[in-house]
Amino acid sequence: MSVLVVAEHLRGELRPVTLELVTSARELEGPVALAVIAQDPAALADAIDVEGVDEILAVQVEQAEFEDDVYQQAVEQLIQERKPDVVLLGFTVNSMGFAPALAAKLGLGFASDVFAIEQAQGGLVVQRAFYGSKGHAEIEFPDHEGVILLLRPTAWAPAEGAGAAVEKQVSVSVSGSRARHQDFVEVATGDVDITSADFLLSIGRGVGDKENVSQFEELADKMGATLSVSRPLVDQGWIPNSRQVGQSGKTVKPKVYLALGISGAVQHLAGMKTSGTIIAVNTDPEAAIFNVAHYGAVADLFEVAEELEKLY
Ligand SMILES: Cc1cc2nc3c(=O)[nH]c(=O)nc-3n(C[C@H](O)[C@H](O)[C@H](O)COP(=O)(O)OP(=O)(O)OC[C@H]3O[C@@H](n4cnc5c(N)ncnc54)[C@H](O)[C@@H]3O)c2cc1C
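Read the sequence shown against our numbering and you will find it ends at 312, with the numbers running on by one and no gaps.
Structure below.
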């Protein structure tokens, strides 16, 4: 099955989801072409030349940053020329800005928030989540007429290994200018990127009070962890939303996720359930977080924190 993967990048850096798309593409066992739509595609060439990519399509455009109308036109032309069976993009704000419209325009199949793909009877069966992962749907694309899939970040491991892709320059014509990127606004200084942390100490409403948050910030520091939170702490204004894990926060996949006083609502689990090792502490033995935890303690989080303090 031929696959076209569309790379995602920001400020000159490849976004991690791109290599996850390559892993998924490789599983489809057909030729894999990876399109890089950028002002300077060559600058990203090393980062994307990983094992399993057969062709790198360097699509040079004027715009330095993502623009939905530019991507829509460029990807449309690539699809028209190459007629891939499957087009893979990240389930990200960027892709959602143009891919559904493109699928509708070209009459292609479409699914977003896809977390599993299987080949069956000459076509594809994909699984996707909806209503904040409260439900899962299995969608069949029985023929080969082309389908655009937006894959959930972190659902596949990133592709590794040196590649030997053939690079091709592809020119596309892009017209119009609906909106153009002006500038980046930096998030508050001192903030961290919880999506790249290996160890998250995550606190929930169980901490009870704003005054208690600093204790866990200090504990996280001591343990070499990064502090993250469930949504109520952000809603109460106790901590910035850049630290929120979940459906309306960040999707994380640390090696270790230590959840203290988090019940495990479906919207929270959507952002962390693929973490390497999940350890949950909760006074309620029925808390849903224990359904995804590898290790759990039915215990008071303050007592556990006190014991951890002694260890570090
Ligand atoms: C559209 C939508 C989007 C949402 N997006 C998100 C999201 O991105 N992220 C998110 O987190 N939520 C999100 N939510 C909210 C979500 O539904 C839950 O309300 C939220 O996750 C609950 O947070 P919590 O587990 O910290 O609090 P609670 O559900 O109140 O759980 C607190 C837990 O702490 C335990 N506890 C209390 N005291 C102690 C103690 N001393 N020691 C140990 N355990 C203790 C309790 O037993 C309980 O299980 C969203 C909701 C909606 C509707």
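For glycine and all other residues, C-beta sits at the position ideal for the given N, C-alpha and C.
Check your understanding: So what's Tyr71 in DSSP terms, helix, strand or just coil?
Key -> helix
task: For Gly123, write down the residues that DSSP places opposite it in a beta bridge.
output: Ala120
Contact defined as beta carbons within less than 8 Å: I believe Ser171 pairs with Asp85. What is the distance between those atoms, to the nearest angstrom? With 8 Å as the limit, Ser171 and Asp85 do not qualify as a contact, their Cβ atoms being about 24 Å apart.
- Task: Would you kindly check if the distance between the Cβ of Ile56 and the Cβ of Ala159 is under 8 Å?
- Result: no
Self-check item: For Gly163: DSSP bridge partner residues
Solution: DSSP, once it has assigned bridges, lists no residue as partnering Gly163.
### Task
Express the C-alpha separation of Thr277 and Ala293 in angstroms, rounding to a whole number.
7 Å
- Task: Leaving aside the five residues before and after Glu138 along the sequence, list all residues of the same chain whose C-beta is less than 7 Å from its C-beta, in chain order.
- Result: Val125, Gln127
Nearest-residue set for ligand 1, Cβ under 5 Å from any heavy atom:
Gly204, Arg205, Gly206, Ser230, Arg231, Pro232, Gly246, Gln247, Ser248, Gly249, Gly261, Ile262, Ser263, Ala265, Gln267, His268, Asn282, Thr283, Asp284, Ala287, Asp300, Leu301
Give the straight-line distance between the Cα atoms of Asn282 and Ser112, rounded to the nearest whole angstrom.
33 Å
Can you tell me which of the three DSSP states Ile262 falls into? coil
Between the region 87-102 and the region 190-210, do at least 3 Cβ pairs fall closer than 8 Å? no
Per-residue DSSP class, three states only, for Ala220:
helix
> Is the CB-CB distance between Leu301 and Leu269 below 8 Å?
Replying inline: no
Cβ shell of Glu297 (< 6 Å), same chain only, five flanking positions each side left out: Checking the sequence, you will find Ala at residue 297 rather than Glu. Same-chain partners within the cutoff: Val281.
For the beta strand (DSSP E) containing Thr18, list its first residue and its last residue. That residue, Thr18, is in no beta strand (DSSP E); its alpha helix (DSSP H) goes 17-27.
Would you mind sorting Tyr312 into buried or exposed? The rule is 16 or more other CB atoms within 10 Å of its CB. exposed
Checklist entry - Just how far apart, CA to CA, sit Ala155 and Lys105? => result Near 28 Å, if we compare the C-alpha coordinates of Lys105 and Ala155.
Using DSSP with H/G/I as helix, E/B as strand and the rest coil, what is Thr195? helix
Next on the checklist: Among the candidates Asp284, Leu201, Val234, Gly206, whose CA atom is the shortest distance from the CA of Leu220?
Outcome noted: Position check: residue 220 holds Ala in this sequence, whereas Leu was assumed. The candidate whose alpha carbon is nearest that of Ala220 is Leu201.
Span separating the alpha-carbon of Gly181 from that of Leu10 = The sequence shown places His at residue 181, not Gly. Straight-line Cα distance between these residues: approximately 12 Å.
**Report entry** Length of the line joining the Cα atoms of Glu314 and Ser242
**Finding:** Because the chain in this structure spans residues 1 to 312, residue 314 falls outside the shown range and cannot be described.
Exercise. Please classify Trp91: does DSSP put it in a helix, a strand, or coil?
Key: Rather than Trp, the amino acid found at residue 91 in this sequence is Phe. Under the three-state reduction of DSSP, Phe91 is assigned to coil, being neither helix nor strand.
Please state the DSSP three-state secondary structure of Pro104.
It is Ala, not Pro, that sits at residue 104 in the sequence shown. Here Ala104 sits in helix by DSSP.
Inset, instruction - Can you have a look at Gly52 and say buried or exposed, based on whether 16 or more other CB atoms are within 10 angstroms of its CB? - result: With 16 or more other Cβ atoms within 10 Å, it is buried.
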